[in-house]
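Reading through the structure tokens given below for one structure.
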């Protein structure tokens with residue numbers, strides 16, 4: 001209690017290194033997924049009953065610091081968050097070519113991806129008070145969580161940030177249990193307007209509860225603070241956008257709390 | 001100040017007739033639009049600087065108590081809200097046939113509708129501290145405000161509730177100044193999924209800041225508490241939906257405050 005008060009005072013007075021303080025209130029635990037499916041990292045708040053869990057699926061780069069930082073942030077908000085490695089065993093790409101190769105290898109084994117997702121979900125569900133699980137994903141991870149929704153996985157909701165919205169297996173009416181939040185960049189060449197519109201039609205026809213945010217002029221990967229540098233380095237049309245990042249994160253927090 | 005405290009205490013203790021108290025904090029003023037364009041009703045909070053105005057456009061029934069109640073609610077939230085009569089001079093329909101006739105007559109004179117909208121906007125802009133104007137509309141009114149956005153009218157934002165989303169004059173890239181909020185019923189036969197999807201494509205291609213909420217299983221006119229009775233009386237597929245009404249109203253208040 002005293003620690004809490006001290007931290008509150010420090011937060012309120014704007015002392016630097018707030019990150020370190022916030023992290024001190026959470027716990028990070030590496031997890032080995034059963035069945036040689038690879039690894040994940042579980043972030044939990046140290047105090048309080050954890051009622052809601054969130055599965056976090058990384059960008060095509062792999063389970064890097066960015067995806068972990070989002071899970072960490074969710075733990076700071078009181079959620080249990082598991083950042084799952086969809087590439088299995090810590091593969092992280094630095095170059096787009098490598099990222100494409102990793103992503104294509106994962107996509108070639110949809111059953112294994114699904115097994116990894118389910119194993120991460122089961123890991124969250126070990127928490128005794130948990131009664132709801134959400135899944136969120138970025139870029140490649142956005143497509144992963146939307147596909148889980150399409151498959152009818154038992155999730156309270158899924159959120160996709162600058163994720164691909166197209167599919168060869170559209171959602172069937174009445175099958176989707178999760179509500180859906182999509183945040184997309186209006187100038188993202190990987191998620192063009194027609195793809196967004198077709199996705200909205202698909203969700204409508206399937207009877208899905210949908211919230212869509214489209215930010216004009218915003219590029220792919222807009223939530224990732226390192227995207228701008230990555231774009232300059234690689235020539236990819238990716239860039240961070242602070243306003244869209246903040247607005248979509250606020251929408252996510254509301255979405256999880258509803 | 002004492003009045004405010006008394007009211008706060010009354011609100012907090014849940015004394016009945018809160019509506020009457022809330023109304024006492026606002027002012028209602030009939031307005032005659034210049035150029036024999038008809039009438040409107042202006043609602044303003046009695047206290048505080050009014051920085052933001054909202055034009056409210058009614059359903060196909062005409063400027064009835066429902067549209068006025070929304071403007072009233074906005075005044076209670078601190079906004080100046082003008083409920084404008086798009087049919088001109090107090091025509092209110094009771095039967096769908098009559099509503100259709102009124103609506104078609106209005107749609108046949110787009111220049112006059114635009115003049116009415118602009119006159120209501122000018123009325124709001126007389127308020128000395130005003131720096132932003134939004135427009136919201138229900139059903140027919142939703143289409144009216146979206147068309148204003150498409151035309152490039154100088155508005156901070158427009159919000160459509162169960163409004164028709166189709167158009168013969170799609171928005172052009174870079175022309176739309178307003179951000180757009182759309183709340184739609186997933187089971188509204190007047191706004192089917194394909195129409196919603198095509199609209200989202202249109203907005204994306206035009207570079208519009210869009211927030212879309214789609215509520216599964218929800219019918220047309222879901223924000224209007226009288227819709228269910230009206231549906232039973234007329235056989236129209238309209239019904240009130242409390243959850244969708246509350247969620248879309250909360251989204252509107254955030255949209256106006258951003």
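Residue numbers (UniProt numbering), protein chains in the order written: chain P, 1 to 258; chain C, 1 to 258.
C-beta atoms are modelled at their ideal positions from N, C-alpha and C, and glycine is treated no differently.
The structure displayed is predicted, hence computed values, not measured ones.
Excluding the five sequence neighbours on either side, which residues of its own chain have a C-beta within less than 6 Å of the C-beta of residue i, listed in chain order?
i, result
"residue 199 (chain C)", "165"
"residue 29 (chain C)", "42"
"residue 204 (chain P)", "none"
"residue 263 (chain C)", "Residue 263 (chain C) lies beyond the stretch modelled for chain C, which goes from 1 to 258, so this question has no answer here."
"residue 19 (chain C)", "none"
Establish whether the CB of residue i and some CB of chain P are separated by less than 8 Å.
i, result
"residue 239 (chain C)", "no"
"residue 153 (chain C)", "no"
"residue 157 (chain C)", "no"
"residue 41 (chain C)", "no"
"residue 10 (chain C)", "Confidence is the limiting factor: at residue 10 (chain C) the pLDDT is only 42, short of 50, which leaves the residue's position unreliable, though a coordinate-based value still follows. Output row for residue 10 (chain C): interface = no."
"residue 1 (chain C)", "Note that residue 1 (chain C) has pLDDT 39, beneath the 50 cutoff, so the model's placement of it is unreliable and no number is given."
Pull up the DSSP beta-bridge partners for residue i, would you.
i, result
"residue 42 (chain P)", "P:29, P:82"
"residue 220 (chain P)", "P:238"
"residue 176 (chain C)", "The partner list for residue 176 (chain C) (beta bridge, DSSP) is empty, contrary to what the question assumes."
"residue 211 (chain C)", "P:213, C:181"
"residue 135 (chain C)", "C:55, C:158"
Looking at chain C, is there any beta carbon in it that lies within less than 8 Å of the beta carbon of residue i?
i, result
"residue 215 (chain P)", "yes"
"residue 208 (chain P)", "yes"
"residue 211 (chain P)", "yes"
"residue 72 (chain P)", "no"
"residue 142 (chain P)", "no"
"residue 201 (chain P)", "yes"
"residue 204 (chain P)", "yes"
"residue 253 (chain P)", "no"
"residue 257 (chain P)", "no"
"residue 246 (chain P)", "no"
Closest to residue i by C-alpha separation, out of the options, would be which residue?
i, options, result
"residue 57 (chain C)", "C:152, C:27, C:113, C:131", "C:113"
"residue 103 (chain C)", "C:140, C:224, C:123, C:72", "C:140"
"residue 44 (chain C)", "C:135, C:255, C:79, C:233", "C:79"
"residue 66 (chain P)", "P:255, P:137, P:253, P:156", "P:137"
"residue 110 (chain C)", "C:32, C:227, C:37", "C:37"
"residue 144 (chain C)", "C:189, C:157, C:22, C:117", "C:117"
"residue 174 (chain P)", "P:192, P:208, P:189, P:68", "P:208"
"residue 190 (chain C)", "C:74, C:25, C:241, C:163", "C:163"
"residue 187 (chain C)", "P:217, P:201, P:121, P:254", "P:201"
"residue 98 (chain P)", "P:167, P:59, P:142", "P:59"
"residue 171 (chain C)", "C:134, C:210, C:245", "C:210"
"residue 246 (chain C)", "C:256, C:225, C:257, C:258", "C:225"
"residue 121 (chain C)", "C:248, C:192, C:73, C:81", "C:81"
"residue 26 (chain C)", "C:54, C:35, C:77, C:254", "C:77"
"residue 258 (chain P)", "C:75, C:251, C:101", "C:251"
"residue 259 (chain C)", "C:35, C:134, C:101, C:241", "Since the displayed chain C opens at 1 and closes at 258, residue 259 (chain C) lies outside it and no answer follows."
"residue 304 (chain C)", "C:248, C:142, C:180, C:119", "Only positions 1 to 258 of chain C appear in this structure, which leaves residue 304 (chain C) out of reach."
"residue 21 (chain P)", "P:48, P:72, P:253, P:35", "P:72"
Within a Cβ cutoff of 8 Å, which residues of the same chain sit near residue i, ignoring the five residues on either side of it in sequence?
i, result
"residue 51 (chain P)", "129, 130, 131, 132"
"residue 243 (chain C)", "215"
"residue 92 (chain C)", "61, 62, 63, 64"
"residue 127 (chain P)", "44, 50, 53, 80"
"residue 193 (chain P)", "186"
Note down, in chain order, each residue of its chain lying with its Cβ closer than 7 Å to the Cβ of residue i, except the 5 sequence neighbours on either side.
i, result
"residue 106 (chain P)", "86, 87, 113"
"residue 96 (chain C)", "234, 236"
"residue 154 (chain C)", "177"
"residue 70 (chain C)", "56"
"residue 238 (chain P)", "219, 220, 221, 227, 230, 231"
"residue 196 (chain C)", "165, 184, 214"
"residue 39 (chain P)", "30, 31, 32, 33, 85, 89, 90"
"residue 169 (chain P)", "150"
So if I threshold CB-CB distances at 7 Å, which residues from the stretch 163-197 of chain P count as touching chain C?
Under the 7 Å Cβ criterion, the stretch 163-197 of chain P contributes 186, 193, 194, 196, 197.
Residues in the stretch 79-91 of chain C with C-beta within 7 Å of chain P's C-beta atoms, listed in sequence order?
Hits within the stretch: zero.
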